[in-house]
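Asks: My questions will all concern the structure given below.
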Amino acid sequence: MNIQDTENQYASGVYTKRPIAIVRGEGARLWDSEGREYIDLVGSQGAANLGHGNVAVAQAIAAQARNLTALPEMFYNDRRAALVKRLVGIAPKGIQRVFLCNSGTEAIEAALKFARLVTGRTEVVATMRGFHGRTMGALSATWEKKYREPFEPLVPGFRHVAYNDLAALDAAVTTDIGAVILEVVQGEGGVRPGTAEFLRGAQKLCRERGAMLIVDEVQTGFGRTGAMFACEHYGLEPDLLCVAKSMAGGLPMGAVLMGERIGQLPPQVHGSTFGGNPLACAASLAAIDYLESEHLPERAAELGTWFMARLGAIQSPVVREVRGLGLMVGIELKQKVTPYLQALMGQGVLALPAGLTVMRFLPPLVISQADLATAADAVEAVLTQPLTPAKDGHAD
Ligand SMILES: Cc1ncc(COP(=O)(O)O)c(C=O)c1O
0 MNIQDTENQY ASGVYTKRPI AIVRGEGARL WDSEGREYID LVGSQGAANL
50 GHGNVAVAQA IAAQARNLTA LPEMFYNDRR AALVKRLVGI APKGIQRVFL
100 CNSGTEAIEA ALKFARLVTG RTEVVATMRG FHGRTMGALS ATWEKKYREP
150 FEPLVPGFRH VAYNDLAALD AAVTTDIGAV ILEVVQGEGG VRPGTAEFLR
200 GAQKLCRERG AMLIVDEVQT GFGRTGAMFA CEHYGLEPDL LCVAKSMAGG
250 LPMGAVLMGE RIGQLPPQVH GSTFGGNPLA CAASLAAIDY LESEHLPERA
300 AELGTWFMAR LGAIQSPVVR EVRGLGLMVG IELKQKVTPY LQALMGQGVL
350 ALPAGLTVMR FLPPLVISQA DLATAADAVE AVLTQPLTPA KDGHAD
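This is the structure in structure tokens:
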């Protein structure tokens, strides 16, 4: 049985799949089982900011794996101590402590619990088109019906207001609200940057009315938008900052960075067997060193500006808007995006959707400008030439 048939028979079935098996990666290039090479603008959905097969991260993982892999937080550990200190050092102003976990949705789940604990309030305001993960709390904050409806009833007390609508947020954040949760740039919701007025306004409302501001930087963190954290573009000082994806150079890891209004939490209120394991901590330390020494946030800012201008120059009747921040870029189409993603794959370029009509690009931040230019040429070709229907497969 080949790779695809085997997964189709034995894997859960919860993912729509593309009809290729990726077996190797290097930097911003991927290779499939047939030896075909692709320029990768999916970037493992934001988990591969440092590029595939990053040697610095691989060496840190190998060394730590031989030394100590799993160790619950009931014991202190050298790698964990170094990481939590380092994270506080690179975090936006006001962050004092860190809870370590293993994924984005777990970081959101923890942040929601911590906000409840600290405020004693159970109501949460989230945003329309927001995406925060798929466990029950995070799913309750997520807006998209197709993710939510099969699992209702969800956690009570969540309401959604239009993103970038400060008046709507003002009306929703009463003194019953324990937390406001939002992304700085909505990712899954269509690559929609927040306005400074909305984001800073949300922070002010939270401060005035006793709610915690939870900023979800699971997708925007670790250099993606042209700063280490997207909060920096707006001077945001969240009470709870959720990160994951690229924080350990591709290894599963998440974290909640906590400000002074959260403070030190009481023992036993939350936990995770794998949270803060030395292997992920060592990988994350190497990843942060690499991001800084290679100036990847600055690189994302420069390349992102160039890429967005290049895409913005495409003359196509199907393009509605090009938008983004740093190397988090989307093209909103007037039509469904799937056939265009399939056509792009046929040209050796992998990109991902954000909703039904947005083509999304999250390339590794190490991508060369030449690869980005080749990819942009391919995007232009598929958006300006007649589409040839794909024979099989999806590009979801
Ligand atoms: C903004 C945001 N929050 C949370 C999540 C959930 O992260 P994970 O898939 O690691 O659970 C994602 C995943 O795409 C995300 O983009």
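According to numbering that gives the first Met the number 0, the residues represented by the sequence shown are 0 to 395, in order.
Just so it is clear, CB atoms sit at the ideal spot from N, CA and C, and this is done for glycine as well.
So does the region 112-119 actually touch the region 204-212, counting three or more Cβ pairs closer than 8 angstroms?
Replies: Yes, since at least three Cβ pairs between the region 112-119 and the region 204-212 fall closer than 8 angstroms, the two stretches touch.
Asks: If you check the beta carbons only, do T141 and G129 fall under 8 angstroms apart?
Replies: Yes, Cβ-Cβ distance for T141 and G129 is below 8 angstroms.
Asks: Three-state secondary structure (DSSP) at W142?
Replies: coil
Asks: Please report the straight-line C-alpha distance between V183 and V190, rounded to a whole angstrom.
Replies: 10 angstroms
Asks: How should P237 be labelled, buried or exposed, when 16 other C-beta atoms within 10 angstroms of its C-beta is the threshold for buried?
Replies: buried
Asks: Using C-beta distances below 7 angstroms, list every residue in its chain close to A81, excluding the 5 sequence neighbours before and after it, in chain order.
Replies: L284
Asks: Given 8 angstroms as the limit, is there contact between the region 22-34 and the region 48-65, that is, 3 or more CB pairs closer than that?
Replies: yes
Asks: Between I89 and ligand 1, is there a pair consisting of the residue's CB and a ligand heavy atom that are separated by less than 7 angstroms?
Replies: no
Asks: Pick out whichever of P296, M127, S139 has its Cα sitting closest to the Cα of G188.
Replies: Distance from the Cα of G188 is smallest, within the candidate group P296, M127, S139, for M127.
Asks: For K390, I'd like the list of residues in its chain whose CB is within less than 8 angstroms of its CB, leaving aside the five on either flank, ordered along the chain.
Replies: The predicted model places K390 with a pLDDT of 49, which falls under 50 and marks its position as unreliable; any figure quoted below should be read in that light. The answer is none, since no qualifying residue turns up.
Asks: Let me make sure I understand the geometry here. Which of A64, A61, R133, A110 has the alpha-carbon closest to that of V396?
Replies: The chain is shown from 0 up to 395; residue 396 falls before or after that span and cannot be answered.
Asks: CA-CA distance, T383 and V317?
Replies: 8 angstroms
Asks: Relative to the C-alpha of G290, which candidate in L343, C205, E216, G220 has its C-alpha closest?
Replies: The sequence as given places Leu at residue 290; Gly does not occur at that position. Here the closest residue by C-alpha is G220.
Asks: Residues in the same chain with beta-carbon distance under 8 angstroms from D288, minus the five sequence neighbours each way, listed in chain order, please.
Replies: A55
Asks: Sorted by chain position, which residues of the same chain lie with C-beta nearer than 8 angstroms to W30's C-beta, five sequence neighbours on each side aside?
Replies: For W30, where only same-chain residues beyond five positions count, the Cβ hits under 8 angstroms are I21, V22, R23, G24, E36, Y37.
Asks: Please name the residue or residues paired with Y37 in a DSSP beta bridge.
Replies: The partner list for Y37 (beta bridge, DSSP) reads L29.
Asks: On a Cα-Cα basis, can you pick out the residue from A281, Q368, F98 that is closest to E301?
Replies: Q368
Asks: So for D215, helix, strand or coil by DSSP?
Replies: strand
Asks: If I follow the unbroken beta strand (DSSP E) through W257, where does it start and stop?
Replies: In the sequence under discussion, the amino acid at residue 257 is Met, which differs from the Trp named in the question. Taken as a continuous stretch (DSSP letters only), the beta strand (DSSP E) holding M257 covers 253-258.
Asks: For a minimum of 4 consecutive residues, which ranges assigned as the alpha helix (DSSP H) are wholly contained in the region 150-200?
Replies: 165-171
Asks: With C-beta atoms as the reference, is A299 less than 8 angstroms away from G248?
Replies: no
Asks: Spatial neighbours of E108 within its chain, please: C-beta separation below 7 angstroms, excluding the five flanking residues on both sides.
Replies: If we look at E108 and ignore the five residues flanking it on each side, its Cβ neighbours are T134, G136, A137.
Asks: Please check the pair G396 and N101, which I expect to be a contact at CB under 8 angstroms, by giving their CB distance rounded to whole angstroms.
Replies: Limits of the chain in this structure are 0 at one end and 395 at the other, which puts residue 396 out of reach.
Asks: With DSSP collapsed to three states, give me the class of M246.
Replies: helix
Asks: Taking Cβ to Cβ, would you say C230 is nearer than 8 angstroms to V214?
Replies: yes
Asks: Less than 8 angstroms between the CB atoms is what I'm expecting for R96 and C280, so what's the real figure, rounded?
Replies: Going by Cβ atoms, the distance from R96 to C280 rounds to 15 angstroms, so no, they are not a contact pair.
Asks: Are the region 144-162 and the region 307-317 touching, with three or more C-beta to C-beta distances below 8 angstroms?
Replies: no
Asks: Would you say the beta carbon of Q202 comes nearer than 7 angstroms to a heavy atom of ligand 1?
Replies: False, no ligand heavy atom lies under 7 angstroms from that Cβ.
Asks: Do you know how far the Cα of R319 is from the Cα of F273?
Replies: If you take the alpha carbons of F273 and R319, they lie about 44 angstroms apart.
Asks: Less than 8 angstroms separating the beta-carbons of C205 and A106?
Replies: no
Asks: Got a sec? Which residues, its chain only, sit under 7 angstroms from A46 by beta carbon, not counting five neighbours each side?
Replies: K244, S245, G249
Asks: Tell me which residues share the same chain as I89 and place their Cβ nearer than 6 angstroms to its Cβ, disregarding the 5 neighbours each side in the sequence.
Replies: So the list reads M227, once near-sequence residues are dropped.
Asks: Who are the near neighbours of S32 in its chain, counting only those whose CB is closer than 7 angstroms to its CB and skipping five residues on each side?
Replies: Setting aside the 5 residues that flank it on each side, S32 is surrounded in the same chain by I2, A20, V22, each with a C-beta closer than 7 angstroms to its C-beta; the list follows chain order.
Asks: Is I107 a contact residue of ligand 1, with contact defined as CB to any heavy atom under 7 angstroms?
Replies: Within the chosen limit of 7 angstroms, ligand 1 reaches the beta carbon of I107 through at least one heavy atom.
Asks: Quick one: using the 10 Å Cβ neighbour count with 16 as the cut-off for buried, is A372 buried or exposed?
Replies: exposed
Asks: Given that a residue counts as buried once 16 or more other Cβ atoms are within 10 Å of its Cβ, and exposed if not, what is R65?
Replies: exposed
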